[in-house]
Amino acid sequence: MTTTAEFATAPDSRGRAPVDTTGGSTTRTTLWERGSLAALLIATTIINLWNLSANGWANSFYSAAIQAGSQSWKAWFFGSSDMANSITVDKPPASLWIPALSVRIFGLNSWAILVPNALMGVASVALLYWMTRRYFGHWAGILAGATLALTPVAAMMFRFNNPEALLILLMVAAVWACLKAVETGRLRWMILVGVFVGFGFLTKQLQVMLIVPGLAITYFAFGPGGWGRRLAHCFAALGAMIVSAGWWLLAVALWPVSSRPWIGGSQNNSVMELTLGYNGFGRLSGNETGSVGPGMGRGSYGGSAAGPGGMGADFAGPGAPGGRGGMWGQPGLLRMFQPEQGGQIAWLIPSALVLGIAALIIIGRAKRTDTRRAYLVVWGLWLLVTMAVFSFMAGIFHSYYTAALAPAVAAVLAGGAAVAWRARDKVWVRCVLAAAVWIAAIWGFALLARSSDFVPWLRYVVLFLGIVGGAAMLFAQRAYVGAIAIAMSVIAALAGPFAYTVDTITTAKQGSIISAGPRVEGGFGPGMRGGPGGMRGGGAGFGGQRGGGPGMGMPPGMAAGAGYAGMRGGMGGPGGGLLMGSKPSAEMLALLKSDAEKYTWVAAAVGSNTASGYQLESGYSVMPIGGFNGTDPSPTLAQFQKLVEQKKIHYFIGGGGFGGGRGFGGGSDSSRPSSQITAWVEQNFTAKTVDGVTTYDLTAPK
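Our numbering applies: residue 280 is where the sequence shown begins, and numbers increase by one.
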């Protein structure tokens, strides 16, 4: 006998889940649906906003650019790091535009910077719920939304000011438009797909292209009409994408170079170089000129990865021949399940894949345009393509990148579970459901065991509930057993991610590299401890995490205790460094603000993070010499000398960047402009220490 709840979620002839029209319990069903949806969105909002101010400036690299955009429309348009427009951040500016407008309206503070991204997270959950509900029913939509909201890395990035929040929202919107196109066959939806992808490009460049194969294949394979019509619609989407992204690229290319900021992250002041090199194919090959890690391109540090003043082969670490892996983890098929990434994203990936494949088999020979199949394929391809690229890319890779996988994991899990649940009268389907639950429970147990001191009893609860819930799935054709199976299975699947997310929202997250959840044995990343030569506990690591900056696993080959913070201009401290913003004292701020109105830049410092804190706290432009890494040739020594001669820069702040412009551990690459500028300042101006920070008054030469 078909229950009302099941009828409400049963697909129609086009694979859509219709509204319940059975009468009788309709009002009750509607109240349950509205109440559960409200609970989902309210809970997501709480997760994204709770304790938000603890993150402070979050990633001060982007916060400084948001501040700049709130004061200068040119800085807003280009995404400049400073109000005086010396250099941009190393990404396109779309993710900065809305927070900058927020700061312009509400003033410069942590909430004005971070709340827009938090609301984007709520919007992403709501949109994922809506499209999942349309094709699989309300409770499948709730499961998809809840899974996304509780994925630790996604919850963390919705509370941060990196580009991920806007990128995720735009990618989810692109899938929504694609499925509408599959359903209706109307051209306008494919054009909207192109618009969303184009603005995704303006958010984080080529990363958004990872979902394009899935979008194109899904529409061409399952859209209505003849193949010629579908192909034409795909080309229309391509054209819309080019226009949506290209207008900004064209504006930058046509803008007089002398009148715009340097394109941060490029060595030749070229946005196309940034797109295809440092933020593009360089991430795949590891040949990233101007980078700071394994596989650096020639000309970055000492001319090569192992050159004088460079990272050296040791930094790549064991098992990383040719500079592959090491600092950014070892590329390979199981990279998403390694300690660095496992607790961030991998909780439900195996179960989602199992359920997704089973659902496609169940749908079987449904007509070509069945939207359930299209849904599973587009999300499945998003998951597989993105996971494959992340797993094998040899360049810079951070665990928080995996937030881009979260919507796909949630969607495939929910869609696959909904299809399998409706077909549970078949023995093999019940076995698949049971296996998916057991896999989630066992893998959740393993992930929680990597943090043995973090809620140590939870992993046993997860394992017990998962085993019992999976066993109950074998008899889920009976209504009361099915209810028990669902309850125990959902708790077992989401308890681990929920605990990680709670830990994340109660812990301050600051700096350029962050991770969700507790410390993990054997991982490399903030909040992760161990690893060869790793630091444990609250050492002088990267900082910015719980316990006053608990150790970030040191790169293999780096002796513990040498610590990044111990290097010239290290990773943190009052003067900031490569990965942490500066935290100026009252005395330092008073120095910078003295006669500040007379200067275009109250100070200059090597590296964007070093400059960021001084700019954010003082409210005046601070020039980030060399951009994020201190390796961009902006400005040159001659340009800097001219600005000093014109008395446009008041102070030079020593240290910062990657070794204060002097290479790893104090080595020197005299060909790099930041090193040349540092040496020239030291030779021609008198050093003064202010609260542990070395400063030089550029208006008073020796």
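We treat Cβ as the ideally placed atom computed from N, Cα and C, and that holds for glycine. In this text, all values refer to a predicted model and were calculated from it rather than measured experimentally.
Spatial distance of residue i from residue j (CA atoms)
i, j, result
"S360", "L510", "42 angstroms"
"W390", "Q546", "34 angstroms"
"V901", "W336", "16 angstroms"
"T309", "R412", "13 angstroms"
"V451", "F931", "44 angstroms"
"Q350", "Q894", "12 angstroms"
"V454", "L612", "26 angstroms"
"G971", "A884", "15 angstroms"
"G621", "S365", "39 angstroms"
"M435", "R951", "36 angstroms"
"S630", "S768", "12 angstroms"
"Y899", "K872", "8 angstroms"
"A333", "E462", "44 angstroms"
"F480", "L489", "11 angstroms"
"Y739", "V668", "34 angstroms"
"A917", "A795", "44 angstroms"
"S791", "F340", "8 angstroms"
"P735", "L726", "12 angstroms"
"W376", "N396", "11 angstroms"
"G635", "V711", "11 angstroms"
"A405", "L449", "13 angstroms"
Residue i classed as buried or exposed, judged by whether at least 16 other C-beta atoms fall within 10 angstroms
i, result
"G544", "buried"
"R465", "exposed"
"G314", "exposed"
"E285", "With a pLDDT of only 46 at E285, under the threshold of 50, the placement of this residue in the model should not be trusted; the figure read from the coordinates follows. Exposed."
"W418", "buried"
"A682", "buried"
"V531", "buried"
"N963", "exposed"
"D649", "buried"
"Y408", "buried"
"A838", "Residue confidence is low: A838 scores 30 on pLDDT, short of 50, so the model does not pin down where it sits. No coordinate-derived value is stated."
"R729", "buried"
"E866", "exposed"
"R614", "buried"
"V536", "exposed"
"F385", "exposed"
"A758", "exposed"
"K862", "buried"
"G1034", "For the chain, the structure presents residues 280 to 981; residue 1034 sits outside this window and is missing."
Contact under 8 angstroms by Cβ, residue i with residue j
i, j, result
"N330", "I784", "yes"
"V657", "L458", "yes"
"G775", "A764", "no"
"L445", "M410", "no"
"F997", "L429", "As displayed, the chain neither begins before 280 nor continues past 981, which places residue 997 out of reach and without an answer."
"G477", "A524", "yes"
"G860", "G886", "no"
"H929", "T889", "no"
"N440", "P492", "no"
"L627", "L639", "no"
"A373", "M362", "no"
"I642", "R652", "yes"
"S897", "V881", "yes"
"V706", "A637", "no"
"K981", "T968", "no"
Span of the alpha helix (DSSP H), counted from its first residue to its last, around residue i
i, result
"P686", "685 to 701"
"Y759", "758 to 784"
"A515", "506 to 533"
"A728", "706 to 728"
"I345", "339 to 350"
"V656", "650 to 671"
"M436", "431 to 436"
"K646", "From DSSP, K646 is part of no alpha helix (DSSP H); its letter is neither H nor E."
"A373", "373 to 385"
"Q623", "618 to 624"
Host beta strand (DSSP E) of residue i (start-end)
i, result
"T965", "964 to 969"
"T974", "972 to 980"
"I904", "901 to 904"
"W880", "880 to 885"
Task: Segment contact, 8 angstroms Cβ cut-off, at least three pairs: the stretch 684 to 691 with the stretch 720 to 730 - done: no
- [ ] Decide yes or no for the touch test of the stretch 666 to 680 against the stretch 707 to 717: beta carbon pairs closer than 8 angstroms, at least 3 of them.
- [x] no
Open item on the list: Under 8 angstroms, with one C-beta from each stretch per pair, do the stretch 355 to 374 and the stretch 314 to 324 reach the 3-pair mark?
Closed with: no
TODO: Would you check if the stretch 493 to 504 and the stretch 659 to 673 touch, i.e. whether three or more CB-CB distances between them fall below 8 angstroms?
DONE: yes
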